[in-house]
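J.: If you read the sequence shown in my numbering, its first letter stands for residue 72, the second for the next number, and so on.
For glycine and all other residues, C-beta sits at the position ideal for the given N, C-alpha and C.
Can you keep this structure in mind? I'll have questions shortly.
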Amino acid sequence: MDAALQAGIAVYNAGEYHAAHDAWEATWLELDRGSDDERFLHGLIQFTAAVYHARNQNWSGCVGLCDSAIGYLHQLPSTYRSVDLDRVRSALKMLKTDPEQIERRPVPALYYRGMRLTADTLSLEALSLAAKTIATEYGYDSTVVADASSYATDEAVHGRSKYAGLLTEFILEGDRRAIVFTRLSQHVDHERAKADDVRGLFE
72 MDAALQAGIA VYNAGEYHAA HDAWEATWLE LDRGSDDERF LHGLIQFTAA
122 VYHARNQNWS GCVGLCDSAI GYLHQLPSTY RSVDLDRVRS ALKMLKTDPE
172 QIERRPVPAL YYRGMRLTAD TLSLEALSLA AKTIATEYGY DSTVVADASS
222 YATDEAVHGR SKYAGLLTEF ILEGDRRAIV FTRLSQHVDH ERAKADDVRG
272 LFE
């Protein structure tokens, strides 16, 4: 659960408020209904949806989701699974009272282990999930992301980070995402071609 949790938080903090829930949904659906973990993820999913609706000026939708999210989260402790829920609940209450504040104030961030978690601080497992989430949201080839994630794991053994860096840029650089994905695809195609050449030697 931790990798999915971190991935969704990083995606949300990158400004991808709609996509964030996709990182959590598969895990959430497997949890026992009404358990602390289920209520936690359910509340976070509704929090991100509330922010998304506020950003799109759907004020009534935002208020309804804030009310529901508060209900899911209100019995959980101040910090749960290293997420600062006091900040989340405070943001929900403010948005419920005045959803239009989203146009006047910075979007509330999600904090994990006391910091604003971003893609460049993720483990490779969480980074892979976050990149896959972005690829799904915007219709990029998920096989490229999957192979790049595998190559990133291989690189890490040797202290290199080219693929991890490109995956991080893919998540964070919304305005340049298409360019970053083209570069990522070129590197992946090169690795695939090398693997095909090696296989060809033994056929």
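#1: Measure the CB-CB distance between Arg110 and Tyr143 and report whether it falls below 7 Å.
#2: With DSSP run on the structure shown, which of helix, strand or coil describes Asp169?
#3: Over the uninterrupted alpha helix (DSSP H) stretch that includes Gln77, give me the two end residues.
#4: Tell me the residue span of the alpha helix (DSSP H) that contains Glu196.
#5: Determine the contact status of Ser199 and Ser232, defining contact as a CB-CB distance below 7 Å.
#6: Please check the pair Ala81 and Ala201, which I expect to be a contact at CB under 8 Å, by giving their CB distance rounded to whole angstroms.
#7: My output table needs one value for Thr189: the three-state DSSP class, helix, strand or coil.
#8: In or out: Ile250 buried (at least 16 other Cβ within 10 Å) or exposed?
#9: Could you tell me which of Ser153, Asp155, Thr150 and Gly114 sits nearest to Gly135, measuring between CA atoms?
#10: Whose C-alpha, out of Glu87, Glu96 and Leu156, is nearest the C-alpha of Ala75?
#11: Around the C-beta of Pro177, are 16 or more other C-beta atoms found within 10 angstroms, so that it is buried, or is it exposed?
#12: Return the chain-ordered list of same chain residues with a C-beta closer than 6 Å to the C-beta of Glu208, the five sequence neighbours on each side being excluded.
#13: Nearest-angstrom Cα distance between His145 and Ile116?
#14: For Gly278, count neighbouring Cβ atoms within 10 angstroms of its own Cβ and tell me buried if that reaches 16, exposed if not.
#15: Classify Asp212 as buried or exposed, calling it buried when 16 or more other Cβ atoms lie within 10 Å of its own Cβ.
#16: Kindly indicate which three-state DSSP category Asp107 falls into: helix, strand or coil?
#17: Can you find a C-beta in chain B that's less than 7 Å from the C-beta of Ala162?
#18: Look at the alpha carbon of Ile141 and the alpha carbon of Arg254, and state the distance between them as a whole number of angstroms.
T.: Working from what's here:
#1: Using a Cβ distance threshold of 7 Å, Arg110 and Tyr143 count as a contacting pair.
#2: coil
#3: Asp73 to Asn84
#4: Leu195 to Tyr209
#5: no
#6: Indeed, because the Cβ distance is near 5 Å, the residues count as touching under 8 Å.
#7: coil
#8: exposed
#9: Of the listed residues, the one whose Cα sits closest to Gly135 is Gly114.
#10: Closest option to Ala75, judged by alpha-carbon separation, among Glu87, Glu96 and Leu156: Glu96.
#11: With fewer than 16 Cβ atoms within 10 Å of its Cβ, Pro177 is classed as exposed.
#12: Correct list, in chain order: Ala90.
#13: Roughly 15 Å between the two C-alpha positions.
#14: Coverage of the chain is limited to positions 72 through 274, which leaves residue 278 absent and any answer about it impossible.
#15: exposed
#16: DSSP places Asp107 within a helical segment (H, G or I) once states are collapsed to three.
#17: Judged by its chain identifiers, the structure shown contains no chain B, having just a single protein chain.
#18: C-alpha separation (whole angstroms): 42 Å.
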